[in-house]
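A.B. asks: Going down the list, the protein sequences come from chains A and B. The opening position of the first sequence corresponds to residue 1 in my numbering, with each subsequent residue numbered one higher. The opening position of the second sequence corresponds to residue 1001 in my numbering, with each subsequent residue numbered one higher. Quick reminder that beta carbons are idealized off the backbone N, C-alpha and C, glycines included. Just so it is clear, the structure is predicted and the values come from calculations on it, not from any experiment.
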Amino acid sequence: MKKLGVALGLSLLVLLAACRSSVGKDGARKAIAIQNVGSDTIVNLAVRWAERYQEQYPEVRITVSGGGSGTGIAGLINGMIDIANASRRMKPEEIETAKANGIEPVEHVIASDAIAVVVHPSNPVDRLTLQQISDIYSGRIANWSEVGGEDRPIILLSRESNSGTHVYFLEQVVRLGDKNSDALFSPDTLLMPSSEGISAEVRQNPNAIGYDGLGYVTDDQKTIAVAAEPGGLYVKPSIETVNRGTYPISRDLYMYTAGEPQGVIAEYLAWIRSLEGQAIVGELGFVPLEVGE
Amino acid sequence: MSKLLPNRPKTRTTFPEYFVERFIRVTGVLVIVFLALIFLFLVREGSATFLEVPLRDLFQTRWYPNEAYFGLLPLVLGSLIVTLGAAAISLPLGLLTAVFIAEVAPRWMREILKPFIEVLAGIPSVVLGFLGMLVVSPLIREWLNAPTGLTALAGSVMLGYMALPTIVSVAEDALDAVPKSYRDGALALGATRWQAIWRVTVPAARSGIVTAMMLGVGRAIGETMAVMMVTGNAARMPLTLNSFLMPVRTMTATIAAEMGEVAQGSTHYHVLFALGLVLFVVTFIINLVAAWTIFRQGKRYGRLLS
Chain A
1 MKKLGVALGL
11 SLLVLLAACR
21 SSVGKDGARK
31 AIAIQNVGSD
41 TIVNLAVRWA
51 ERYQEQYPEV
61 RITVSGGGSG
71 TGIAGLINGM
81 IDIANASRRM
91 KPEEIETAKA
101 NGIEPVEHVI
111 ASDAIAVVVH
121 PSNPVDRLTL
131 QQISDIYSGR
141 IANWSEVGGE
151 DRPIILLSRE
161 SNSGTHVYFL
171 EQVVRLGDKN
181 SDALFSPDTL
191 LMPSSEGISA
201 EVRQNPNAIG
211 YDGLGYVTDD
221 QKTIAVAAEP
231 GGLYVKPSIE
241 TVNRGTYPIS
251 RDLYMYTAGE
261 PQGVIAEYLA
271 WIRSLEGQAI
281 VGELGFVPLE
291 VGE
Chain B
1001 MSKLLPNRPK
1011 TRTTFPEYFV
1021 ERFIRVTGVL
1031 VIVFLALIFL
1041 FLVREGSATF
1051 LEVPLRDLFQ
1061 TRWYPNEAYF
1071 GLLPLVLGSL
1081 IVTLGAAAIS
1091 LPLGLLTAVF
1101 IAEVAPRWMR
1111 EILKPFIEVL
1121 AGIPSVVLGF
1131 LGMLVVSPLI
1141 REWLNAPTGL
1151 TALAGSVMLG
1161 YMALPTIVSV
1171 AEDALDAVPK
1181 SYRDGALALG
1191 ATRWQAIWRV
1201 TVPAARSGIV
1211 TAMMLGVGRA
1221 IGETMAVMMV
1231 TGNAARMPLT
1241 LNSFLMPVRT
1251 MTATIAAEMG
1261 EVAQGSTHYH
1271 VLFALGLVLF
1281 VVTFIINLVA
1291 AWTIFRQGKR
1301 YGRLLS
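#1: With 8 Å as the C-beta to C-beta threshold (strictly closer), list the residues of the segment 77-94 of chain A near chain B in chain order.
#2: Between residue 155/A and chain B, is any beta-carbon pair separated by less than 8 Å?
#3: Are there 16 or more other CB atoms within 10 angstroms of the CB of residue 1119/B, so buried, or fewer, so exposed?
#4: Please report the straight-line C-alpha distance between residue 1103/B and residue 1031/B, rounded to a whole angstrom.
#5: Would you report the Cα separation of residue 1161/B and residue 153/A, rounded to the nearest angstrom?
#6: Quick one: measure Cβ to Cβ for residue 63/A and residue 36/A, integer angstroms, because I've assumed they're closer than 8 Å.
#7: Three-state secondary structure (DSSP) at residue 40/A?
#8: Just how far apart, CA to CA, sit residue 131/A and residue 1254/B?
#9: With 9 Å as the C-beta to C-beta threshold (strictly closer), list the residues of the segment 1040-1071 of chain B near chain A in chain order.
#10: With a threshold of 8 Å between beta carbons, is residue 162/A in contact with chain B?
#11: What's the gap between the Cα of residue 67/A and the Cα of residue 266/A?
#12: Just how far apart, CA to CA, sit residue 1108/B and residue 1176/B?
#13: Is the beta carbon of residue 201/A closer than 8 Å to that of residue 210/A?
#14: On the three-state DSSP scale, how would you describe residue 21/A?
#15: Would you give the residue range spanned by the beta strand (DSSP E) that residue 166/A belongs to?
#16: Quick check: the segment 213-222 of chain A against the segment 70-79 of chain A, are at least 3 beta-carbon pairs closer than 8 Å?
#17: For residue 254/A, which residues does DSSP report across the bridge?
#18: Would you tell me roughly how many angstroms separate the C-alpha atoms of residue 1143/B and residue 1234/B, rounded to the nearest one?
#19: Which partner residues does residue 211/A have in the DSSP bridge list?
#20: Starting from residue 1075/B, trace the alpha helix (DSSP H) both ways and give me its first and last residue.
#21: Report the neighbours of residue 1077/B on chain A: residues whose CB is nearer than 7 Å to its CB, in chain order.
#22: DSSP three-state call for residue 143/A: helix, strand or coil?
#23: Do the segment 276-290 of chain A and the segment 106-114 of chain A touch if we need at least three Cβ pairs shorter than 8 Å?
#24: By Cβ distance, which residues of its chain are closer than 7 Å to residue 1289/B, with the 5 residues on each side in sequence left out?
#25: Is the CB of residue 1201/B under 8 Å away from at least one CB in chain A?
#26: Below 7 Å on C-beta distance, what does residue 1150/B contact in chain A?
#27: Are the segment 1186-1200 of chain B and the segment 1127-1143 of chain B in contact at 8 Å, needing three or more beta carbon pairs?
#28: Using a beta-carbon distance below 8 Å, is residue 35/A in contact with chain B?
#29: Do residue 156/A and residue 188/A come within 8 Å of each other at the CB atom, strictly closer than that value?
#30: Exposed or buried, what is residue 1114/B when buried is set at 16 or more other beta-carbons lying within 10 Å of its beta-carbon?
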């Protein structure tokens, strides 16, 4: 009984010590924890960054989890996390709510990403214009034969509406970047809870069309070449075509902090944007920033 | 307590006895308190919906909360169709399995079957969801020639499967509790074995069987994870006959998928709680109907069975 009590007391002490996650006096750091939550698009990248960074700076503990850009931003607004990953900009309402909570979100661009449109490998369609993709996702085109494919119904796959990729795709593709448009995804669109859900369905269903970050496209899906204008150049997504600006569906990826980052978090973000951090971006199929500094 | 033991001597209550008695009473009351608190919480968080969203908008057919389309109909109907399908699959199967185990199977087989069926109940729903996503839904697409396998039917099959162990286990217990003299009496009067089962044993165990079915259906309507993974989550109205072969979005999947994202106190947040309220009320009604059925039967069969 006594032993148990001692053990309990000790473990409590250890716990307490682990919880003290601030920079100690005179800058000596011990067990600093960074909470990093948000976009599922970024999560793999963020995990890789965290692993590499912790190899070099073992005193820093970075916990990364996904859930969607909205989840990360909500966490930042509620003051639960240090860094929110987002594959879209914060909405004005979100910034307002944050400010009402006394938090001033600061935006950091950390990489770029191409959004690939994918279909089953057996699908004969290999090129589409933005207009056609918009018509497909808003339900105006419902059969593959209307865009040069077989006579099959089109099954629309999308990420859940809390995904930044979903919001970006709605604004830039379904609405073609038109702010006044009120076009929506067709109600028949399947909202998949994960990237894996989309790729699993695209892999095995010849009727399906889906979209996801380029880093998530595996070899057993076929990426569609996209043209911005009818009659324009059809371009496949890749690091080069995004950097050259020819692939039309690409976007920046963000991290948000509460206020200007301080201390360890500032160092971490600077490292992410350094040559070393950006090299990892390329490894995972995302598009690195042009590092000038 | 005092009703159960009318002749309890007053002076013999020891302190531990007093303590235990109070403790049991408190736990019993706590269940009701928790239920009431949950209900109050849902009402508190969800009631703002009816101030913020006009009632007419809630009865629209479009659910897209990002743009303030809060039509609940596709979600409510989605839950309904998936649960109906699950009930159609699991109720007959569950009842028949229970009858087989309790009445027909030889003793040794029964000893094996019962624990195995109870183990089925322990399979995590995410695992079943994977199974549904990677095995059941491709089969549905290929065999039934549906445009996609992520359909209401896939959800119903998975939910039916998940409800089965509950139904079988509880119904079997009920059948088992029917006194042997009933069966012997029926057989002695010249009934065949099947007549004895269907006319005597099953009706005698009716209240337990109804409970089993309600518990099963309750499990089905509240299940989230597996459903979210296999039904495709498209918020469309399941009105036509082929809706079983189309994707649907259930209330539970909607709450699970969207609750993590919403800003606390926003209209979307309130509407999700209102959805939870709808779910709660529906489950409550199911249980109420079950209780009422049992009560009525209790009266009718009261003399026969007590």
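C.D. replies: By the coordinates alone:
#1: 77, 78, 93, 94
#2: yes
#3: exposed
#4: 35 Å
#5: 30 Å
#6: Indeed they touch by this definition, with Cβ atoms about 7 Å apart.
#7: helix
#8: 30 Å
#9: 1061, 1062, 1063, 1064, 1065, 1066, 1067, 1069
#10: yes
#11: 24 Å
#12: Taking the straight line joining both Cα atoms gives about 15 Å.
#13: yes
#14: Caution applies to residue 21/A, whose pLDDT of 41 falls short of 50 and renders its modelled position unreliable; the model cannot decide the point.
#15: Where residue 166/A is concerned, there is no enclosing beta strand (DSSP E), although the alpha helix (DSSP H) it sits in stretches over 164-169.
#16: no
#17: Looking at the DSSP assignment, residue 254/A forms a beta bridge with 86/A, 109/A.
#18: Looking at the two C-alpha atoms, the distance is approximately 22 Å.
#19: 117/A
#20: 1073-1099
#21: Near residue 1077/B there are no residues of chain A at all, since even the closest Cβ is about 13 Å away, more than 7 Å.
#22: Shown here, residue 143/A sits in a strand according to DSSP, grouped into three states.
#23: Enough Cβ pairs lie closer than 8 Å, so yes.
#24: none
#25: No, residue 1201/B lies away from the interface with chain A (no Cβ there is under 8 Å from its Cβ).
#26: Result: 190, 201.
#27: no
#28: no
#29: yes
#30: Buried, since its Cβ has 16 or more Cβ neighbours within 10 Å.
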